[in-house]
Amino acid sequence: MVARRNKTYATGEASNFMTRKHAMRKLQLNLKDFRRLCILKGIHPREPRNRKRAQKGDMTKVQTLFHEKDIRFLLHEPIVWKFRDFKVFVRKLKKATAKGNFDAVARLKDNTPKYNLDHIVKERYPTFIDAIRDLEDCLCLCALYATFPKNARLPVEMITLCRRLMIEFMHYVIEAKALRKVFVSIKGYYYQVEIMGQTITWIVPHSFAYAKPENVDLKLMAIFVEFYTTMLGFVNYRLYHKLNLQYPPSLAGYGQTMSHADDQDALGEELSDRITALNRSLVRTVTHTEEEDTPMDDIPMAEDDGMMEEIKRKAEQLKHLTHLFAGMKVFLGREVPREPLVFMIRALGGEVSWDATAAPGSTFGESEPSVTHQISDRPKESLQMSYLQRVYVQPQWIFDSINQGQLLPVQTYFVGEVLPPHLSPFIADRRVGDYIPPEEKELLGLAEPAKAKKAEEQEKEEDDSEDEEEDDEEEEEGDEEESEEEGAPSKMKVELGKPEVVDKEKAKKMMEDEEFKLRTMMIKKKHKGLYRSMMKSRKRRVHETKQLEWKRKEFENKQNQAGHKSAEPKGPKAVGGKAKKAQK
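Mapping to UniProt numbering: the sequence shown position 364 is 364, numbers consecutive.
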């Protein structure tokens, strides 16, 4: 018998992929619902290894392909039935509206099909740490929607929900003291926090006037926001309970004083405004909880003492950072961005307030005598510095102090001073040969004064030891000359040997170079190409760094020359023959 021949494109890669049109037909959904379902479930198109086989030989156009197992996974999703119910609902609503049956229209609107995304969040993030790792996009999009104004294209409920969830998350960061780095750019404010060992970075836009972009599909973005708001609600609930905080958040002293319905509504609005202000602590479910800080000396030492010392040093730095603004009382001017500064100062242990007429939630006024710092961004001439016991600084001082982990000198941040460059803290791990601006080197020196002091002491000790050796050599040479002059010439004599001065740094460098050459020779043949490309890119970076340093030096020289010229006194200008007569 003849063996049965397999059909072409029935097995292998061709059977593993499915076009979007085929998937929509299998799920019985239109493009709009299929797109919504894929976004909510986290299904995305795939790129096959062999596109010709995946498209079953049809190469007339590039098709959108999905894994066949992903589409089978969507077949059992309960939301698909809700989409079909919504189709029926729209058909009935149109029919009732056309007939003028308004009672039926009202009844149908009250029974609009709704679906829940809780099971999808649990399905996509089986553990809580998985949700924390995927929190960056969620925070960025919710922060963006929280700044949108009320618009016909944007649901008001969605904007309000995003705003509430972001305020709740910021309150958690304040209570947990999880803020690590901040940066302000033309795009907005960058925040970096550390939660359960995971580093999360997100951006909050500036509060500028809203202009609707023409090339952005807001309906598509709304699907992502719909999922992310559900996810962020889960995360906030879990984070609040980890710190024994009441959820939804509430402030102490509110909720027990008013009983009438109208008064309760007014109380709810006032409470919401005060929670949004971010300058008050939240109610805890367990009171009088003490933080148990395990001393680093009680932890058993590891075999590597150097690593243990590094862990101790980082723990001390983190402890100092979380209480950076402790004991400070800051007053904000009207012209500075209130919410970012309140969030940063409160997250690191400080107290902050503003003018009561500027925004609700103020706790003390400008005339408070215990205020230590006042942040202002006005010209020096228009600012009335009537309180001598406080420091008037510009907002950048807060950002730079957080990034350096210590309170920087305020002299360069006084009101009216030219501010130093605001450097990004997100490029701390530099590669070999990368350019480091002089301002960053100066800040690094300020951040680690102990190391700089220790290095200076070592240099002084080396200089003293070298001077002592030179003095000893001179004394020995003088003694030899005196003995030669006094003693009679002899055929044989013993001369004192001179101690050979060994440069330890030079010898160490030579040894390291020899070891490096030996390691280079031991590289396998298949890895030598990669090694050469790495060294080539490193040389290119070093060359670029030298060029940047040369340009920086040339620019500074030009600036100094221009400053000298402007400082030179200029004589009176004379015109024409009168000038010549005056010279004669």
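The beta carbon of each residue, even a glycine, is placed where N, CA and C say it ideally should be.
Nearest neighbour of E175, chosen from Q547, L548 and M344 [CA to CA]: Start at 1 with the first residue of the sequence shown, and residue 175 comes out as number 175. Looking at the Cα atoms, M344 is the closest of the given residues.
Where R280 sits in the DSSP three-state scheme: Residue mapping note: residue 280 aligns to position 280 of the sequence shown, counting from 1. Judged by DSSP in its simplified three-state form, R280 adopts coil rather than helix or strand.
Is Q198 buried or exposed, if buried means 16 or more other CB atoms sit within 10 Å of its CB? For the purposes of this step, residue 198 is identified with residue 198 of the sequence shown, where counting begins at 1. Counting the other Cβ atoms within 10 Å of the Cβ of Q198 gives fewer than 16, which makes it exposed.
Residues bridged to K329 by DSSP? In the sequence shown, the residue the question calls residue 329 occupies position 329. Here K329 is bridged, per DSSP, to E351.
Backbone CA spacing between L220 and L135 [nearest angstrom]: Walking along the sequence shown from the start, residue 220 turns up at place 220. Walking along the sequence shown from the start, residue 135 turns up at place 135. For L220 and L135, the distance between alpha carbons rounds to 19 Å.
V182 to R346, Cα distance in whole Å? For the purposes of this step, residue 182 is taken as the residue at position 182 of the sequence shown. For the purposes of this step, residue 346 is taken as the residue at position 346 of the sequence shown. Looking at the two C-alpha atoms, the distance is approximately 14 Å.
Mind checking Q394: buried by the 16 CB within 10 Å criterion, or exposed? As a working mapping, residue 394 is identified with position 394 in the sequence shown. With 16 or more other Cβ atoms within 10 Å, it is buried.
Specify the secondary structure class of Q547 as computed by DSSP and reduced to three states. The residue you call residue 547 lines up with position 547 of the sequence shown. Assignment of Q547 by DSSP, reduced to helix, strand and coil, places it in the helix class.
Of the listed residues R541, A106 and K69, nearest to D434 (C-alpha basis): As a working mapping, residue 434 is identified with position 434 in the sequence shown. Among R541, A106 and K69, the Cα nearest to that of D434 is on R541.
From the DSSP output, read off the bridge partner residues of E194. Locating residue 194 in the sequence shown gives position 194, where the first residue counts as 1. DSSP lists T199 as partners of E194.
Element boundaries [beta strand (DSSP E), containing residue 587]: Absent from the model: residue 587. The displayed extent of the chain is 1 to 584, so no value can be given.
Proximity winner among I129, D137, V352 and K506, relative to T201 (alpha-carbon distances): The residue labelled residue 201 in the question sits at position 201 within the sequence shown. The candidate whose alpha carbon is nearest that of T201 is D137.
Within a Cβ cutoff of 6 Å, which residues of the same chain sit near G188, ignoring the five residues on either side of it in sequence? If you number the sequence shown from 1, residue 188 lands on position 188. The beta carbon of G188 sits closer than 6 Å to those of I203, V204, P205 and H206, all from its chain and outside the five residues before and after it, given in chain order.
Three-state class that DSSP yields for R180 in the structure shown: In the sequence shown, residue 180 corresponds to position 180, counting from 1. The DSSP-derived three-state label of R180 is strand.
Give the straight-line distance between the Cα atoms of Q384 and V286, rounded to the nearest whole angstrom. If you number the sequence shown from 1, residue 384 lands on position 384. If you number the sequence shown from 1, residue 286 lands on position 286. Answer to the nearest angstrom: the Cα atoms are 45 Å apart.
Report the three-state DSSP secondary structure of H119 (helix, strand or coil). Start at 1 with the first residue of the sequence shown, and residue 119 comes out as number 119. In the structure shown, H119 falls within a helical segment according to DSSP collapsed to helix, strand and coil.
Who are the near neighbours of Q55 in its chain, counting only those whose CB is closer than 7 Å to its CB and skipping five residues on each side? Here residue 55 corresponds to residue number 55 of the sequence shown, with the count starting at 1. Hits under 7 Å: Q63.
Of the listed residues A222, L232 and E549, nearest to R133 (C-alpha basis): Along the sequence shown, read from residue 1 onward, the residue named residue 133 stands at position 133. Of the candidates A222, L232 and E549, the one whose C-alpha sits nearest the C-alpha of R133 is L232.
Range of the contiguous beta strand (DSSP E) that encloses Q374: Reading the sequence shown from its first residue, position 374 is the one you call residue 374. DSSP places Q374 inside the beta strand (DSSP E), whose first and last residues are H373 to I375.
Which word fits E417, buried or exposed, when buried means at least 16 other C-beta atoms lie within 10 angstroms of its C-beta? Here the question's residue 417 lines up with position 417 in the sequence shown. It is exposed - the Cβ of E417 has fewer than 16 other Cβ atoms within 10 Å.
State yes or no: is the C-beta of L29 within less than 8 Å of the C-beta of L179? What you label residue 29 is simply residue 29 of the sequence shown in a count that begins at 1. What you label residue 179 is simply residue 179 of the sequence shown in a count that begins at 1. Using a Cβ distance threshold of 8 Å, L29 and L179 do not count as a contacting pair.
Could you give the uninterrupted runs of the alpha helix (DSSP H) lying entirely in the segment 80-161, keeping only those of 4 residues or more? Counting only runs that start and end inside the segment 80-161, the alpha helix (DSSP H) elements of at least 4 residues fall at 102-110, 118-124, 128-133 and 136-146.
Pair within 8 Å by beta-carbon distance, F169 and I159: Taking the sequence shown and counting its residues from 1, the one referred to as residue 169 is at position 169. Taking the sequence shown and counting its residues from 1, the one referred to as residue 159 is at position 159. No Cβ-Cβ contact shorter than 8 Å links F169 with I159.
In chain order, what residues of the same chain lie with their CB nearer than 8 Å to the CB of C142, ignoring the 5 residues before and after it? Mapped onto the sequence shown, residue 142 falls at position 142. Around C142: C162, L165, M166, V225, Y228, T229 and L232.
At what residues does the alpha helix (DSSP H) containing Y228 begin and finish? Within the sequence shown, residue 228 is the residue found at index 228, counting from 1. L218 to K242 is the span of the alpha helix (DSSP H), which, as asked, contains Y228.
Regarding T545 and the ligand HEM, is the C-beta to nearest heavy atom distance less than 7 Å? The ligand HEM is absent from the structure shown, which contains no ligands of any kind.
Where do the N-terminal and C-terminal ends of the beta strand (DSSP E) with H67 fall, by residue? As a first step, residue 67 must be located in the sequence shown, where it is residue number 67. From DSSP, the beta strand (DSSP E) with H67 extends over L65 to H67.
Which partner residues does L245 have in the DSSP bridge list? To locate residue 245, count along the sequence shown from 1; it is residue 245. DSSP lists R284 as partners of L245.
M328 and E351: beta carbons closer than 8 Å? Here residue 328 is taken as the residue at index 328 of the sequence shown, counted from 1. Here residue 351 is taken as the residue at index 351 of the sequence shown, counted from 1. The criterion of a C-beta distance shorter than 8 Å is satisfied by M328 and E351.
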